[in-house]
Amino acid sequence: SANNQLITECYLLNVSAQNRTMYKSLMEKDNLLGQVVGVSLSVSRHLIASIGADQYIRIWSYANKQHKQISSLCFKTDLNAVAFHPASHQLAVGTNEGIRFFFVVETEPLLCAEISGKQCMSLEYSNSGHFLAAGFSNQVFIIDPNTFRIQFILGPHRSAVTRLLWTCLLYTSDAADDMQCVDLGGRRIIKKK
């Protein structure tokens with residue numbers, strides 16, 4: 070555009086037996102200026118949280134085949150990651166200043182806790198919701214989402230942790246390069262190539 074602002078759309082994919090390629094635009098054209106940085110889905114409550122380069126977190130509803138924004142919250146720092154708790158009652162947002170935890174009550178996110186730290190670039194709740202893995206620079210903090218206390222720290226990795234994935238094990242971006250993984254007890258397991 071004329072003022073070098075990029076409008077990026079987010080799409081909701083409808084996967085059904087009849088139509089596997091139907092995309093619906095989730096965001097109205099003037100709702101978002103800048104790049105979509107992250108998206109997290111709450112299946113049980115039919116909500117989507119999006120974060121953007123415009124420093125807004127937005128909560129969207131996709132219930133009853135309606136796609137509408139139901140709340141937004143502006144931050145004064147860059148947003149890097151977002152994750153809904155598997156039970157959908159909590160939302161974690163990673164920023165350049167740490168993590169902010171919100172309870173998602175009705176439609177408004179309510180701030181309930183903060184953990185300070187530099188550059189939280191990735192967030193991922195465990196499948197059961199017992200833990201939250203947070204990539205702070207080149208370390209991974211394992212956090213109890215009920216007490217908001219750091220349980221243990223994994224690392225350091227050789228580079229910044231930009232992606233996290235829970236299965237039975239926790240995979241990190243650095244570990245994926247080396248074919249390494251870390252189990253829930255914090256022991257490093259090196260897989261042979």
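Under the numbering used here, residues 70 to 262 are what the sequence shown spells out, in order. For each residue, glycine too, the CB sits at the ideal point set by N, CA and C. For clarity, every value in this text was computed on a predicted model and none was experimentally measured.
In terms of Cβ geometry, V230 and N196 do not form a close pair [threshold 8 Å].
Residue pairing by DSSP places D213 opposite R218 in a beta bridge. Checking the DSSP bridge columns, you'll see Y194 partnered with L201. Ranking G107, K137, S113, E183 by CA distance to the CA of G167 puts E183 first. Excluding residues up to 5 positions away in sequence, R169, F171 lie with their Cβ nearer than 7 Å to the Cβ of L180 in the same chain.
Under the DSSP definition of a beta bridge, V174 partners with E177.
The C-beta of S191 has 16 or more other C-beta atoms within 10 Å across all chains shown, which makes the residue buried.
If you check the CB distance, F153 and L223 do not come in under 8 Å. Burial state of T164 is buried, judged by a 10 Å Cβ sphere holding 16 or more other Cβ atoms. In terms of Cβ geometry, L116 and A161 do not form a close pair [threshold 8 Å]. Within the same chain, and ignoring the five residues on either side of V106 in sequence, the residues whose Cβ sits closer than 7 Å to its Cβ are I120, G121, A122, L148, N149. Taking a C-beta distance under 8 Å as the contact criterion, V151 and A203 do not qualify as a contact pair. Counting every other CB atom within 10 Å of its CB across the protein chains shown gives C143 a total below 16, marking it as exposed.
According to the DSSP assignment, F144 belongs to no beta strand (DSSP E), since it is labelled neither H nor E. Within the same chain, Cβ atoms closer than 6 Å to the Cβ of G186 are found at G167, F205, the five residues on either side in sequence being excluded. Here V209 is near L233, since their CB atoms are less than 8 Å apart. Look at K187 here: in three-state DSSP terms it is coil, with no helix or strand label. The beta carbon of E177 sits closer than 7 Å to the beta carbons of S140 from its chain, once the five residues preceding and following it are set aside; these are given in chain order. A distance of 8 Å or more separates the beta carbons of K145 and Q159. Only buried fits E193, as 16 or more other CB atoms lie within 10 angstroms of its CB.
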